[in-house]
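Numbering-wise (UniProt numbering), the sequence shown opens with residue 1 and increments by one.
Where a beta carbon is used, it is the ideal one built from N, C-alpha and C, also for glycine.
Below: the structure, in structure tokens.
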Amino acid sequence: MTYENKYIHMKIRNRILIYFLSTVITLTVISLTIIYILFSEYREEGFQQRQKEKINYTIGLITEYKELSENLSAIMDKHTIHDFYDEKMLIFDKNKELIYKSVDDLTIRNYQQLLNELSPNQTWIETKEDEYDIVAVYVQNEFNHFYAISKAYDEFGYLKLHFLRNVLILITCVITIIVVVITIILSKRISHPITSFAEKVGQYDVSGSKIKELEMDSSTYELQFLTQKFNQLIERTNEAFAFQKHTIHHISHQLKTPIAVLVSELERINSLEEKETIKAEIASQVVRAKSLGNIINVLLEISKIESGQKIQKRALRIDELFFDVIEELALIYPDFHFKVNYLPNEVQENRLVLLFNSVLIRQAIQNLLTNCVYYSDDSKAKILFDCSDNKTLTIKIINSGKPISKEEEKFLFNHFFRGENSKDKKGFGLGLVLVKRIIELSSGKVSYTNPTGKINEFEINFPLS
């Protein structure tokens with residue numbers, strides 16, 4: 001995320017804050033709401049049971065003292081008037097005739113409908129009228145049966161319910177404040193490494209000549225993994241850009257100079273008069289022209305590989321490719337000689353047949369052998385095909401000449417590297433770069449050693465399938 005659009009796209013810290021807050025607060029509100037609803041239903045159920053108990057108590061008194069006068073109602077009201085706040089009770093006999101009515105002025109608007117619905121099959125009805133709880137019951141004892149309706153206001157229950165509501169609201173506010181504070185702290189701690197990573201990526205300079213690895217001081221596995229992959233991506237991207245840049249220099253080195261030489265040679269041949277001499281010179285220049293064509297094909301093949309395309313490979317006998325290149329070089333450098341040996345002396349043909357892209361591997365061989373020609377001090381080199389290992393084919397190219405130092409060996413296959421032994425030699429130090437790249441694309445490895453004195457040895461290893 002760039003700083004220009006940070007206000008358009010939500011920051012990860014704000015996302016964490018919003019998601020965590022909304023989740024926790026929503027769950028808290030839902031939980032406390034469920035508690036409030038359950039307590040409200042429990043209050044209602046408990047109060048209705050108390051109403052039923054009072055109805056049974058009143059019916060018991062009526063049954064026990066039915067012979068007393070109407071003063072019973074006054075006595076009962078005086079005794080029970082303070083049980084419930086704002087209560088009205090009606091009791092009817094088995095014929096649904098009113099036999100008891102509490103003295104308070106509260107009215108039950110739909111008592112007749114409730115009375116009609118009560119029966120031995122419908123013994124309990126509960127309903128509400130505003131905030132009043134109404135219960136209608138059918139009561140039967142061993143002497144008689146009654147119909148009763150009670151309407152009352154649960155003042156104490158509602159006080160507790162309102163108190164619980166206020167407490168739950170307060171708890172919600174406190175939890176919200178605590179969660180906001182904790183979430184802000186946690187979101188900063190969680191997002192800080194990511195924000196730091198984004199800032200470092202934003203400040204990362206890819207235009208420098210030397211690309212440095214991105215470093216992150218974080219113990220988080222995901223960020224370490226992301227940093228590692230980012231560095232790998234930068235490294236591969238840098239290699240691709242470097243290859244493109246170096247390819248231009250390589251084209252200049254490998255094509256421009258040989259073409260100029262070729263033109264110069266053709267002009268010289270044009271001035272010759274002897275037919276045989278002209279034919280020999282033209283044959284030599286044809287070889288040079290073919291070499292230029294091969295270089296162009298190599299560059300095209302490598303560009304395909306760099307773009308992600310698969311290279312075409314086929315079974316080739318590696319020693320025959322060496323002989324072809326030696327034959328071509330003999331026309332250009334007739335005084336230089338290559339000696340080829342095998343270990344053991346008799347080798348099975350299948351030990352020398354491997355899968356290669358012919359264009360690429362020929363160019364790698366040509367670069368290595370040309371390197372021998374340039375840096376040999378006795379105009380000869382040895383090539384050894386070592387097939388003694390059942391799992392690996394080893395090819396050694398050995399020549400006598402001034403070796404490079406141990407300090408320079410690790411830079412030998414780098415772009416533009418030229419050792420002390422390459423002074424007064426033509427070239428830009430790109431040939432071995434292509435060799436290493438081609439050998440690796442062919443599943444092989446190439447290395448340089450200086451076993452003794454003035455001996456230079458390149459070793460190529462190919463795994464045998």
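Query: Three Cβ pairs or more, each shorter than 8 Å: is that satisfied between the stretch 447-459 and the stretch 390-403?; Result: yes
Query: Suppose only complete runs of 3+ residues qualify. What are the beta strand (DSSP E) ranges in the stretch 351-401, listed by chain order?; Result: 353-356, 380-386 and 392-400
Query: Is the beta carbon of valine 373 closer than 9 Å to that of phenylalanine 413?; Result: no
Query: Alpha carbon to alpha carbon, how far is serine 443 from glutamine 203? Give it in angstroms, no decimals.; Result: 37 Å
Query: If contacts are defined as beta-carbon pairs under 8 Å, then valine 353 and arginine 314 qualify, I think. What distance do you get, rounded to the angstrom?; Result: 10 Å between Cβ atoms; not a contact.
Query: Going by DSSP, what residue range makes up the beta strand (DSSP E) through lysine 94?; Result: Careful: lysine 94 lies outside any beta strand (DSSP E) and carries neither H nor E.
Query: Under 8 Å: do the stretch 21-38 and the stretch 194-203 share three or more Cβ pairs, one atom per stretch?; Result: no
Query: Which stretch, first to last residue, makes up the beta strand (DSSP E) that contains lysine 339?; Result: 337-343
Query: Sorted by chain position, which residues of the same chain lie with C-beta nearer than 6 Å to lysine 6's C-beta, five sequence neighbours on each side aside?; Result: Residue placement at lysine 6 cannot be trusted, given a pLDDT of 47 that sits under 50; the coordinates are not used to answer.
Query: So which of Leu38, Gln366, Glu267 and Tyr342 has the shortest CA-CA distance to threonine 394?; Result: Tyr342
Query: Determine the closest residue to threonine 370 out of Asp389, Tyr42, Phe458 and Arg437, with distance taken between C-alpha atoms.; Result: Phe458
Query: From glutamate 117 to phenylalanine 163, what does the alpha carbon distance come to, in whole angstroms?; Result: 36 Å
Query: How far does the beta strand (DSSP E) with proline 98 in it reach, from first residue to last?; Result: Contrary to the premise, residue 98 reads as leucine rather than proline in this sequence. It spans 98-101 - the beta strand (DSSP E) in which leucine 98 sits, taken as one unbroken run.
Query: Within 10 Å of its beta-carbon, does tyrosine 57 have 16 or more other beta-carbons around it, so buried, or fewer, so exposed?; Result: exposed
Query: Taking only the alpha-carbon atoms, compute the straight-line gap between lysine 94 and phenylalanine 156 and give it to the nearest angstrom.; Result: 34 Å
Query: Can you tell me which of the three DSSP states lysine 229 falls into?; Result: helix
Query: Using alpha carbons as the reference points, say which of Leu226, Ser22, Glu346 and Phe322 lies closest to valine 179.; Result: Ser22
Query: So the alpha helix (DSSP H) arginine 50 belongs to, where does it begin and stop?; Result: 12-64
Query: Pairs of beta-carbons, one from the stretch 140-160 and one from the stretch 43-60, closer than 8 Å: are there three or more?; Result: yes
Query: Near residue 475, which residues of its chain fall below 8 Å by C-beta distance, leaving aside the five closest residues on each side in sequence?; Result: A question about residue 475 goes unanswered here, because the residues of the chain that appear run from 1 up to 465.
Query: With the cut-off set at 9 Å, would you say leucine 223 and isoleucine 194 are in Cβ contact?; Result: yes
Query: Compare the beta carbon distance of isoleucine 397 and leucine 360 with 9 Å and say whether it is the shorter of the two.; Result: no
Query: Keeping to the same chain, check which residues put their C-beta closer than 8 Å to that of histidine 82; ignore five residues upstream and five downstream.; Result: A caution first: histidine 82 carries a pLDDT of 45, below 50, which makes its placement in the model unreliable, though a value can still be read off. Excluding positions up to five away in sequence, the list is empty.
Query: Could you tell me which of Leu262, Val347, Leu115 and Ile460 sits nearest to valine 440, measuring between CA atoms?; Result: Looking at the sequence shown, residue 440 is not valine but glutamate. For the residues Leu262, Val347, Leu115 and Ile460, the minimum Cα distance to glutamate 440 belongs to Ile460.
Query: Put glutamate 328 into one of helix, strand or coil per three-state DSSP.; Result: helix
Query: Which complete alpha helix (DSSP H) runs does the stretch 144-218 hold, if anything under 4 residues is left out?; Result: 155-202
Query: Given a cut-off of 9 Å on the beta-carbon distance, is the pair serine 379 and aspartate 335 in contact?; Result: yes
Query: Quick one: Cα of glutamate 239 to Cα of glutamate 276, how far?; Result: 49 Å
Query: What separation, rounded to the nearest whole angstrom, lies between the Cα atoms of alanine 364 and glutamate 320?; Result: 14 Å
Query: Check whether the Cβ atoms of tyrosine 158 and arginine 15 sit closer than 9 Å, and answer yes or no.; Result: no
Query: On the three-state DSSP scale, how would you describe lysine 128?; Result: strand
Query: Using CA coordinates, which residue listed in Asn450, Phe385 and Leu266 is at the minimum distance from serine 405?; Result: Asn450
Query: Does DSSP classify serine 116 as helix, strand or coil?; Result: The sequence shown places asparagine at residue 116, not serine. Asparagine 116: helix per DSSP, three-state reduction.
Query: Whole angstroms are fine: how far does the CA of isoleucine 278 sit from the CA of glutamate 267?; Result: 11 Å
Query: Less than 9 Å between the beta carbons of lysine 382 and valine 340, yes or no?; Result: yes
Query: Using DSSP with H/G/I as helix, E/B as strand and the rest coil, what is asparagine 456?; Result: strand
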